[in-house]
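So the structure is just underneath, and the comments pick up after that.
Residue numbers (the numbering used here): -10 to 155.
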């Protein structure tokens, strides 16, 4: 219910943003990322909720959380291109608008937090779905997932730092 509602609202807000008035590169701000934030929160919610569910109920929650977290991060990445072009061509925004530049750091942070939580919960439910041949101990998946999660988290944090100081 939450995912459907926030996705619909985000689509409506982006439709209004880009159709109500002609947007230029000069007017681009990181606030254009804000409509996708509620959709991205579904990944954070999934990381919290899936830990309290049975494996049969937790798996769809995790898949939905990863899907919509990825959608939010993808939309944010699409917004970073015009934002970087705006900064390179027109320079920094007015001093009163500069605190809004921190909005661009949110999506990588949300994604890192959500992926960390979901990977911890996925390690608990995955042994119920083990179908990989050659794996003697289903508990070994937790180490593999943690290693991959650590790499993804470092990449996203690094990306957030680059966006912050760019």
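All residues carry an ideal CB built from backbone N, CA and C; glycine is no exception.
Assigned with DSSP and collapsed to three states, residue 44 falls in helix.
Per the Cβ contact rule, the region 42 to 52 is not in contact with the region 64 to 78 (fewer than 3 Cβ pairs under 8 Å). Each residue's CA atom was taken as its position, placing residue 49 and residue 38 some 11 Å apart. Listed in chain order, the non-local C-beta contacts of residue 6 below 8 Å within the same chain comprise 12, 21 and 24, local neighbours out to five positions each way being set aside.
In terms of Cα proximity to residue 111, the closest of 99, 35 and -5 is 35. Ranked by how close their Cα comes to the Cα of residue 26, the residues 16, 40, 101 and -5 have -5 in first place. For residue 83, the three-state secondary structure derived from DSSP is coil. Around the beta-carbon of residue 147, fewer than 16 other beta-carbon atoms lie within 10 Å, marking it exposed.
Secondary structure note for residue 96: its alpha helix (DSSP H) is the uninterrupted segment 95 to 114.
Sequence-distant partners of residue 138 (beyond 5 residues in either direction) whose C-beta falls short of 7 Å from its own C-beta, in its chain, are 104, 105 and 108. For residue 2, the enclosing alpha helix (DSSP H) begins and ends at -9 to 8. Here the alpha carbon of residue 94 sits roughly 14 Å from the alpha carbon of residue 143.
Where residue 29 is concerned, the enclosing alpha helix (DSSP H) starts and stops at 26 to 38. Distance from the CA of residue 31 to the CA of residue 53, rounded to the nearest whole angstrom, comes to 8 Å.
Distance from the CA of residue 145 to the CA of residue 57, rounded to the nearest whole angstrom, comes to 16 Å.
Residue 83 and residue 114 have their C-alpha atoms roughly 49 Å apart.
Measuring C-alpha to C-alpha distances from residue 62 to each of 85, 33, 88 and 41 identifies 33 as the nearest. Residue -1 places its beta carbon less than 8 Å from that of residue 28.
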